[in-house]
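In this note's numbering, the protein residues as written are -7 to 498.
Even glycine gets a Cβ: it sits at the ideal position worked out from N, Cα and C.
This structure is a prediction, so every number in the text was calculated from the model and none was measured.
To start, the structure under review is shown below, and the notes come after it.
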Ligand SMILES: Cc1cc2nc3c(=O)[nH]c(=O)nc-3n(C[C@H](O)[C@H](O)[C@H](O)COP(=O)(O)OP(=O)(O)OC[C@H]3O[C@@H](n4cnc5c(N)ncnc54)[C@H](O)[C@@H]3O)c2cc1C
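This is the structure in structure tokens:
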């Protein structure tokens, strides 16, 4: 049965997902759609989600947000990557950076030249050539598009921010562009008797909100797509067994480092996210392998600064909805599925789903083809990120707890087994063309977790040993020089985007 013309969009939920969705639709389709967002302060939001990946810069650009203004409003800091501590083995650490390491020559990635030099007797770490690692070590940050006058790319970055402030910031943006906000608790959902499409939601106080298209941003509840439309959930916890988190803020770090830290624990891992006015911390763990009490102790003992409250529990099941758009309703945010925050991908998934939905948004008629395309592309993206996350757990030599033994020996998807085998044999990355994570990410995480490739690309043998040594030395010197010219992260923030005084006092 065909859809009527879509004139009225109803977004249910006002967390990060709801307000990103509202802001983007208002900006890009606001002229032809009436947009109403329904949320309930009494229910509140999940209240976590402070680390991002560089794609967020594109979202902010589409919305026309000013970076400094947005960072001031959210107490934000810059992020060059994630430091993984104790993952491949206890005592190991590496930075998964957002940038390239060194410089590719022709079509051959830098890590092949580095691998050749190691094989020829010059032991070193790939990260000795990483601009991002050097900047992170020195707690430096600045805008650097490329290194000197070379073709080497500069600092790629994302942000850490206070997510509730981000949602407020986007709320002001969206309301300023005509989005109507309705406060209330959704009690029931109405469907058309013939088509099964959603027609309206009814609030607890009896008000009815009608719409032509609905976006479910109700978080883990998935009130519309899950409950009302009955779309099932695909559980991936056999590969990603963490199912709980405890989150707690602590005092600001003495030095604001420009990276997230993810430290492996006995039954999960702990995050540390530096903001200007406080530090975000949390322990993501598997209830099958530890108790809530032990998990809370682990979190508190692992804090670098004084806790500013009691740990707050959150439960989740890793996985995704069987489909992301059914009838005239799409789910965006936690309602669409959840991949744990190890690589800070949830806000990115919100953003990519919103932009995909806008690109495929039905004007009228039967949207079956657009829906199928949307569902296929969202499914592929979820699976790619899933594999990348599993890699961190599975590629380990740790046997020191039941949790790590499970992760090390579990069966993983064939798609991931192939990628690990290819890299181990040849240093090559078998990445899907539209994979969110670039070759540089796969290389860093596979090396960082412990695979040293058995070989390098034979094209890296084209240069003589002397030329190779000179190339490596030059790249390192130029990179070191570029980092020496960067201001400290603290100075950069103080100069361009100090957090609003009200936040610092909070
Ligand atoms: C432990 C943890 C750590 C995370 N860390 C990161 C991170 O570092 N980076 C990252 O990108 N992401 C992270 N995420 C994910 C991130 O928090 C979410 O993707 C993001 O906050 C979006 O949430 P949401 O808006 O979908 O849901 P919520 O924040 O839960 O919002 C749901 C909304 O729906 C409303 N609602 C629900 N039911 C009703 C009802 N009956 N009537 C009316 N309104 C209703 C609520 O009031 C609320 O406004 C993390 C998630 C978890 C669990």
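Secondary structure of residue 225, DSSP reduced to three states: Translated into the one-based positions of the chain shown, residue 225 becomes position 233. In the structure shown, residue 225 sits in a strand (DSSP, three-state: E or B).
Contact between the stretch -4 to 11 and the stretch 30 to 45 (3+ Cβ pairs under 8 Å): yes
Same chain only: Cβ atoms within 8 Å of residue 414, ignoring 5 sequence neighbours per side: Against the chain shown, residue 414 aligns to sequence position 422. 420, 421 and 422, listed in sequence order.
Helix, strand or coil at residue 357 [DSSP, three-state]: Taking the first residue of the chain shown as position 1, residue 357 is located at position 365. It is a strand residue.
Three-state secondary structure (DSSP) of residue 4: Counted from its first residue, the chain shown places residue 4 at position 12. In the structure shown, residue 4 sits in a strand (DSSP, three-state: E or B).
Range of the contiguous beta strand (DSSP E) that encloses residue 275: Residue 275 sits at position 283 when you count from the first residue of the chain shown. 271 to 277 is the span of the beta strand (DSSP E), which, as asked, contains residue 275.
Segment contact flag, the stretch 191 to 205 with the stretch 266 to 286, C-beta cutoff 8 Å, min 3 pairs: no
Segment limits, beta strand (DSSP E) that includes residue 460: Reading the chain shown from its first residue, position 468 is the one you call residue 460. Counting along the chain, residue 460 falls outside any beta strand (DSSP E), though it belongs to the alpha helix (DSSP H) covering 457 to 476.
Residue 146, DSSP secondary structure in three states: On the chain shown, residue 146 is found 154 positions in, with the first residue counted as 1. Three-state DSSP puts residue 146 in coil, outside helix and strand.
Straight-line Cα distance separating residue 185 from residue 320: For the purposes of this step, residue 320 is taken as residue 328 along the chain shown, with counting starting at 1. For the purposes of this step, residue 185 is taken as residue 193 along the chain shown, with counting starting at 1. One C-alpha to the other measures close to 14 Å.
Segment limits, alpha helix (DSSP H) that includes residue 441: Position 449 of the chain shown, counted from the start, is the residue given in the question as residue 441. That run of the alpha helix (DSSP H) goes 431 to 441.
Cβ-Cβ distance between residue 441 and residue 102 below 9 Å: Within the chain shown, numbered from 1, the residue matching residue 441 stands at position 449. Within the chain shown, numbered from 1, the residue matching residue 102 stands at position 110. No, the pair does not count as a contact, with Cβ atoms beyond the cut-off.
Cβ-based neighbour list, residue 133, same chain, cut-off 6 Å, excluding 5 preceding and 5 following: As a first step, residue 133 is located in the chain shown; it is residue number 141 there, counting from the start. Result list for residue 133: 70, 250, 481 and 484, in chain order.
Inside the stretch 32 to 72 only - alpha helix (DSSP H) runs reaching at least 4 residues: 48 to 55 and 59 to 66
Classification of residue 210 by the beta-carbon crowding that lies within 10 angstroms, buried from 16 upward: As a first step, residue 210 must be located in the chain shown, where it is residue number 218. Label assigned to residue 210: buried.
Contact test: residue 433 Cβ vs ligand 1 heavy atom, cutoff 8 Å: Indexing the chain shown from 1 puts residue 433 at position 441. The answer is no for residue 433.
Rounded straight-line distance, which links the Cα of residue 385 to that of residue 297: Here residue 297 refers to the residue found at position 305 of the chain shown. Here residue 385 refers to the residue found at position 393 of the chain shown. Computed Cα separation, rounded: 27 Å.
Check whether residue 379 and residue 407 have beta carbons under 9 Å apart: Looking up residue 379 in the chain shown gives position 387. Looking up residue 407 in the chain shown gives position 415. It is a contact, given that the beta carbons lie within the stated cut-off.
beta-carbon residue 271 near ligand 1 non-hydrogen atom, thresh 8 Å: Looking up residue 271 in the chain shown gives position 279. No, the Cβ of residue 271 stays beyond 8 Å of every heavy atom of ligand 1.
Assigned secondary structure, residue 292 (DSSP; H/G/I helix, E/B strand, else coil): In the chain shown, residue 292 corresponds to position 300, counting from 1. Helix.
Paired residues, beta bridge with residue 255 - DSSP: Translated into positions along the chain shown, residue 255 becomes position 263. In the DSSP output, where bridge partners are listed per residue, residue 255 has 77 and 262.
Any 3 or more C-beta pairs closer than 8 Å across the stretch 300 to 310 and the stretch 237 to 246: yes
Helix, strand or coil at residue 26 according to DSSP, with G and I counted as helix: Along the chain shown, read from residue 1 onward, the residue named residue 26 stands at position 34. Correct three-state label for residue 26: strand.
Rounded C-alpha distance that separates residue 61 from residue 491: As a first step, residue 61 must be located in the chain shown, where it is residue number 69. As a first step, residue 491 must be located in the chain shown, where it is residue number 499. One C-alpha to the other measures close to 9 Å.
Assumed close pair residue 108, residue 460 - CB separation to whole angstroms, cut-off 8 Å: Translated into the one-based positions of the chain shown, residue 108 becomes position 116. Translated into the one-based positions of the chain shown, residue 460 becomes position 468. About 7 Å; that satisfies the 8 Å criterion.
Residue 331, enclosing alpha helix (DSSP H) - first and last residue: Locating residue 331 in the chain shown gives position 339, where the first residue counts as 1. First-last for residue 331: undefined, no H or E at that position.
Cβ pair count under 8 Å reaching 3, the stretch 79 to 96 against the stretch 430 to 448: yes
N-terminal and C-terminal residue of the beta strand (DSSP E) that residue 306 is part of: Your numbering for residue 306 matches position 314 in the chain shown. Per DSSP, residue 306 belongs to the beta strand (DSSP E) from 304 to 307.
Any non-hydrogen atom of ligand 1 within 8 Å of residue 207 CB: The residue labelled residue 207 in the question sits at position 215 within the chain shown. For ligand 1, not one heavy atom lies less than 8 Å from the Cβ of residue 207.
Three-state secondary structure assigned by DSSP to residue 102: Taking the chain shown and counting its residues from 1, the one referred to as residue 102 is at position 110. Helix.
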